[in-house]
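Mapping to the working numbering: the sequence shown position 111 is 133, numbers consecutive. Quick reminder that beta carbons are idealized off the backbone N, C-alpha and C, glycines included. The next block holds one structure in the form of C-alpha cells; read it before the comments.
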Amino acid sequence: MTGPTSTPPESRADRAEPIRLLAIRDTPLSVDEVFAAVGHERAGGTALFVGTVRDHDGDAKGPAVTSLAYSAHPSAEGELRRVAEKVVADFPVEALAAVHRVGDLGVGDLAVIVAVACPHRGEAFDAARRLIDDLKREVPIWKHQSFADGTQEWVGACA
C-alpha cells in the first residue's frame, strides 16, 4: 500500500492544473463526464468512486429509505476545493475530479462521483479514498432521509 507523497514543486510547475472538475449540482451526475475529466497521459492508474442512494441506512434491519434530499452550505464548493487541494498536495495526482448532487434523489440515483488519476494504481486508490472520505467528513453537505415508515432524519455529512 502506498502512502501520501509529494511531487517536488519544480516538477509540477510545468504541468496543467490537476484539479479538473469540482462541482455541487442540482442536476443528474455523469460518470462519463468525471472519468473524461481525469484522463491524463502520465496516469497509469485512475480510481473512480460512485456513491449511489441505497434503499436502507447503515442498518439494513431498519425501515427502508424511500428518498433523500441533499442540501449544501454556501461555503461547500470552497470547502470541496480545499479538500481537493490537500489531496493534490499529499499525493502525486495528475488529475482529479469530484461532483456532488444536491436536491431530491431517489433510490439508485448518483449522489457523488470522485476520480483521481496518478502515475500508479495504488496512489490513485489511496488518493481517491482520501478524497471521498475527506469530502464526506469536511464539506458541509447534509442529507435528509425519508423512510418507508413515514419517519425522516437529517444526517450531517461533515463533523
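Where does the unbroken alpha helix (DSSP H) through residue i begin, and where does it stop?
i	result
Leu157	Arg143 to Glu160
Asp112	Ala98 to Asp112
Val56	Val53 to Ala59
Which residues in the same chain as residue i place their Cβ atom closer than 6 Å to its Cβ, once the five residues preceding and following it in sequence are excluded?
i	result
Lys165	Leu90, Tyr92 and Val177
Val129	Val75 and Asp77
Asp131	Val75
How would you write the range of the beta strand (DSSP E) that residue i sits in, first residue to last?
i	result
Glu175	Gln174 to Gly178
Ala137	Leu132 to Cys140
Val65	The question names Val, yet the displayed sequence has Ala at residue 65. No beta strand (DSSP E) contains Ala65, which DSSP labels as neither H nor E.
Ala45	Ile41 to Arg47
Ala165	Going by the sequence as given, residue 165 is Lys instead of Ala. Run containing Lys165: Ile163 to Phe169, per the beta strand (DSSP E) assignment.
Asp126	Gly125 to Gly128
Ala91	Val87 to Ala94
Restricting to Cα atoms, I'd like to know which of the options is closest to residue i.
i	options	result
His78	Leu51, Phe169, Thr173 and Glu175	Phe169
Asp48	Leu127, Leu102, Ala146 and Thr173	Leu127
Thr173	His62, Pro85 and Arg159	Pro85
Arg123	Ile163, Phe57, Glu101 and Gly66	Ile163
Asp171	Gly61, Gly67, Asp156 and Thr88	Thr88
Glu160	Ala106, Ala45 and Ala146	Ala106
Glu63	Cys140, Leu44, Leu157 and Asp155	Cys140
Ala146	Leu44, Ala45, Ala65 and Val56	Ala65
Pro96	Ile46, Val56 and Lys158	Ile46
Phe57	Arg103, Glu99 and Val121	Val121
Here's a check: name, in chain order, each residue in its chain whose Cβ is nearer than 8 Å to the Cβ of residue i, leaving out the five neighbours to either side.
i	result
Pro31	Caution is warranted here: a pLDDT of 41 is assigned to Pro31, below 50, making its placement in the model unreliable, and no coordinate value can be reported.
Ala150	Ala69, Leu70, Phe71, Val136, Ala137 and Val138
Met23	Residue placement at Met23 is flagged as unreliable, the pLDDT there being 46, under the threshold of 50; the coordinate-derived value follows with that caveat. The answer, listed in chain order, is Gly144 and Asp148.
Arg42	Ala59, Val60, Ala117, Leu118 and Ala119
Under the rule that 16 or more other beta-carbon atoms within 10 Å means buried, what is residue i, buried or exposed?
i	result
Ala35	In this prediction, Ala35 scores a pLDDT of 46, lower than 50, which makes its location untrustworthy; no coordinate-derived value is stated.
His142	exposed
Glu183	Outside the displayed span of the chain (23 to 181) sits residue 183, for which this structure offers no information.
Ala133	buried
Ala38	exposed
Ala181	Reliability of the predicted coordinates at Ala181 is poor, the pLDDT of 42 falling under 50, and the value obtained from them is presented with this limitation in mind. Burial call: exposed.
Whose C-beta lies closer than 7 Å to the C-beta of residue i among residues of the same chain, with five residues either side of it excluded?
i	result
Lys83	none
Pro40	Val110, Val115, Glu116, Ala117 and Leu118
Gln167	Asp79, Val87, Leu90, Gln174, Glu175 and Val177
Legend entry - Cβ contact (3+ pairs, closer than 8 Å) linking the stretch 50-64 and the stretch 92-105: With contact defined as three or more Cβ pairs closer than 8 Å, the stretch 50-64 and the stretch 92-105 are not in contact.
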